[in-house]
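Residue numbers (UniProt numbering): 1 to 183.
Just so you know, even glycine gets a beta-carbon here, dropped at the ideal spot from N, CA and C.
Only a predicted model underlies this, so the values are computations on that prediction, with no experimental measurement involved.
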Ligand code: HEM
Ligand code: HEM
């Protein structure tokens, strides 16, 4: 079933919440682990990040096959455009984040494993106890991309979240209820 103005398909709702909640969890873990050097969390962050990428591909594919959602009602052009920009930022960010993370870790010599299953081998100097990068410039660039896209995405999520609350509590429309499948 395709999305309509009245009702969203089960696929849209399921993919929105699986990816949305996973991405919020990844952002929280990502910021926490890098600020606090909590290295024990890195493998968990990477594993979830790689696995969710498969769902993200399906989600983004479905969004473009199905087209963007029709707004529940008519709103001021500025509100509509802002929501549209934020949806684009979010869709682009959820593709850029796992790819940049994967390349940063792979090219940096840290390796990538999914819950213990090795995808890209790590390359450690046993004496200096440091990763030996395969390509330090690429790893460094991707680390910048991951950080900048990550923070841009976090700002977009906050605006998106307050936008959803505004529709629900101020406009009192069906926007949030429709995404929760409750209409
Ligand atoms: C949707 C997927 C992902 C999201 C939303 C995400 C989000 C984030 C965020 C917000 C940060 C903190 C950035 C900072 O303040 O420096 C971070 C850090 C990090 N992420 Fe991801 N990430 C994702 C996927 C991945 C993947 C697939 C990998 C690797 C395979 C990865 C590896 C890392 C690493 C190594 C760091 C720490 C960087 C550092 O210590 O400076 N991430 N991530
Ligand atoms: C608790 C947090 C969230 C709430 C309450 C929420 C709520 C909503 C609602 C109500 C819509 C429908 C908007 C409309 O009818 O035009 C929507 C759409 C959307 N949301 Fe969220 N969302 C949340 C988190 C996220 C996250 C974390 C992401 C991405 C990383 C995301 C990405 C999107 C995108 C791209 C759309 C456009 C429609 C689509 O592609 O399915 N959302 N969200």
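Outcome for residue i when other beta-carbon atoms lying within 10 angstroms are tallied against a minimum of 16
{"i": "residue 105", "result": "buried"}
{"i": "residue 110", "result": "buried"}
{"i": "residue 184", "result": "Outside the modelled stretch of the chain, which goes from 1 to 183, sits residue 184, for which no answer is possible."}
{"i": "residue 59", "result": "buried"}
{"i": "residue 80", "result": "exposed"}
{"i": "residue 46", "result": "buried"}
{"i": "residue 115", "result": "exposed"}
{"i": "residue 77", "result": "exposed"}
{"i": "residue 50", "result": "buried"}
{"i": "residue 93", "result": "buried"}
{"i": "residue 121", "result": "exposed"}
{"i": "residue 107", "result": "buried"}
{"i": "residue 149", "result": "buried"}
Sheet register partners of residue i (DSSP bridge)
{"i": "residue 114", "result": "117"}
{"i": "residue 125", "result": "130"}
Rounded straight-line distance, which links the Cα of residue j to that of residue i
{"i": "residue 52", "j": "residue 151", "result": "19 angstroms"}
{"i": "residue 135", "j": "residue 99", "result": "16 angstroms"}
{"i": "residue 254", "j": "residue 177", "result": "Lying outside 1 to 183, the shown extent of the chain, residue 254 is not represented and no answer is given."}
{"i": "residue 165", "j": "residue 18", "result": "19 angstroms"}
{"i": "residue 71", "j": "residue 61", "result": "20 angstroms"}
{"i": "residue 201", "j": "residue 175", "result": "Only positions 1 to 183 of the chain appear in the structure, and residue 201 is not among them; the question remains open."}
{"i": "residue 90", "j": "residue 153", "result": "6 angstroms"}
{"i": "residue 15", "j": "residue 133", "result": "35 angstroms"}
{"i": "residue 207", "j": "residue 39", "result": "Past the edges of the chain, shown from 1 to 183, lies residue 207, and the structure says nothing about it."}
{"i": "residue 28", "j": "residue 73", "result": "33 angstroms"}
{"i": "residue 23", "j": "residue 37", "result": "20 angstroms"}
{"i": "residue 160", "j": "residue 112", "result": "31 angstroms"}
{"i": "residue 97", "j": "residue 158", "result": "17 angstroms"}
{"i": "residue 180", "j": "residue 7", "result": "10 angstroms"}
{"i": "residue 162", "j": "residue 21", "result": "16 angstroms"}
{"i": "residue 138", "j": "residue 171", "result": "46 angstroms"}
{"i": "residue 1", "j": "residue 57", "result": "19 angstroms"}
{"i": "residue 131", "j": "residue 142", "result": "16 angstroms"}
{"i": "residue 145", "j": "residue 102", "result": "12 angstroms"}
{"i": "residue 173", "j": "residue 4", "result": "15 angstroms"}
{"i": "residue 167", "j": "residue 75", "result": "10 angstroms"}
Residue i CB to nearest heavy atom of ligand 4 below 7 angstroms
{"i": "residue 179", "result": "Annotation note on ligand 4: not contained in the displayed structure, which lists ligand 1 and ligand 2 as its ligands."}
**OP:** Please confirm if the segment 76-86 is in contact with the segment 120-137, defined as three or more CB-CB distances below 8 angstroms between the two stretches.
**Re:** no
Subject >> Touching by the beta-carbon criterion (3+ pairs, under 8 angstroms), the segment 54-72 and the segment 4-23 >> reply: Contact holds: three or more Cβ-Cβ distances are below 8 angstroms.
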